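Note sheet for the following structure.
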Amino acid sequence: MNPEDVIAAWDQPGATASIHPTRGISEGAYWASGEAQAELLARDILAGSRVMDFGCGDGRVAVPLRALGYDVTGVDAAPRMLAALKKHAPDLPTFQSDGSDFGKHVGRRKFDAVYCLAVLIHHSHATGEQLVERLRAVVRKGGLLVLDWPVADEPAETDAWIGVTTWSREQQDNITTRLGLERLDVDRPWAVYQA
């Protein structure tokens, strides 16, 4: 799956209903799932930190994380997702990016933490690795990079936007070691790395 197809799929009306099962239950369940993920992130990210939500979508996690006192910037490649976020949180800072032009938006500034949930699952290993490199580049030394990239005994790349790319632990370790990231030993549904 190439990045342009992923962006186009997420930019369709009703895209979140296809991938987030809680949205099929109710809007309340959907937003509660974001609140639960924000609370988990808050266990690892220092209070008040400057945080980037890459692949923020409509703000399901970014909005409740900001309510917990974090300085959150939402980033998404799909304009429709950012427009939906602005309906929920008009003053939450956002910018549109696929990760290739962070310098244009943030300059040399770094974030205390960057999290990327339900994004890498849509990308090939090659484009996923590129994205991890780009995300690492905007995390300050000592900061955190949170990646939702599932591990499987037999890693596979998705060929459809609704599919799931999986990684071997060895693939992940090779990438993160090369980037100077240390995996933290925390029990989370995602991997947490210190830069």
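Residue numbers (the UniProt record's numbering): 1 to 195.
Backbone N, C-alpha and C fix where the C-beta goes; we use that ideal spot for every residue, glycine too.
This one's a predicted model, so the numbers in the text were calculated from it and none came from an experiment.
Applying the criterion that 16 or more other CB atoms from any shown protein chain within 10 Å of the CB defines a buried residue, is residue i buried or exposed?
i           : result
V151        : exposed
D177        : Residue identity check: residue 177 is Thr in the sequence provided, not Asp. Exposed: under 16 other Cβ atoms inside 10 Å.
A38         : buried
P189        : exposed
P79         : exposed
R136        : buried
L117        : buried
E133        : exposed
R66         : buried
E182        : exposed
I45         : buried
residue 201 : Outside the modelled stretch of the chain, which goes from 1 to 195, sits residue 201, for which no answer is possible.
A36         : exposed
Determine the direct distance from the alpha carbon of residue j to that of residue i, and round the result to whole angstroms.
i           : j    : result
P155        : S168 : 6 Å
V72         : K104 : 18 Å
R140        : A195 : 7 Å
Y70         : E157 : 34 Å
F95         : D153 : 36 Å
L68         : G59  : 14 Å
V192        : G28  : 28 Å
D187        : L85  : 29 Å
T22         : A83  : 21 Å
Q171        : V75  : 26 Å
T127        : L147 : 14 Å
A32         : W149 : 22 Å
C56         : D173 : 25 Å
L145        : Y30  : 24 Å
G180        : V164 : 26 Å
G48         : A42  : 10 Å
residue 197 : G34  : For the chain, the structure presents residues 1 to 195; residue 197 sits outside this window and is missing.
L131        : I25  : 32 Å
S100        : E129 : 13 Å
Assuming residue i is part of the alpha helix (DSSP H), what are its boundary residues?
i    : result
T166 : From DSSP, T166 is part of no alpha helix (DSSP H); its letter is neither H nor E.
G34  : 27 to 42
A62  : 62 to 67
Which stretch, first to last residue, makes up the beta strand (DSSP E) that contains residue i?
i    : result
T158 : Taken as a continuous stretch (DSSP letters only), T158 belongs to no beta strand (DSSP E), as it is neither H nor E.
Y193 : 191 to 194
A53  : Looking at the sequence shown, residue 53 is not Ala but Asp. D53 -> beta strand (DSSP E) spans 50 to 54.
L144 : 139 to 147
I want to know whether the stretch 102 to 122 touches the stretch 51 to 64 - three or more CB-CB distances under 8 Å.
yes
Quick check: the stretch 114 to 129 against the stretch 85 to 94, are at least 3 beta-carbon pairs closer than 8 Å?
no
Which ranges does the alpha helix (DSSP H) cover as unbroken runs of at least 4 residues, wholly within the stretch 77 to 126, from first to last along the chain?
79 to 88, 102 to 106
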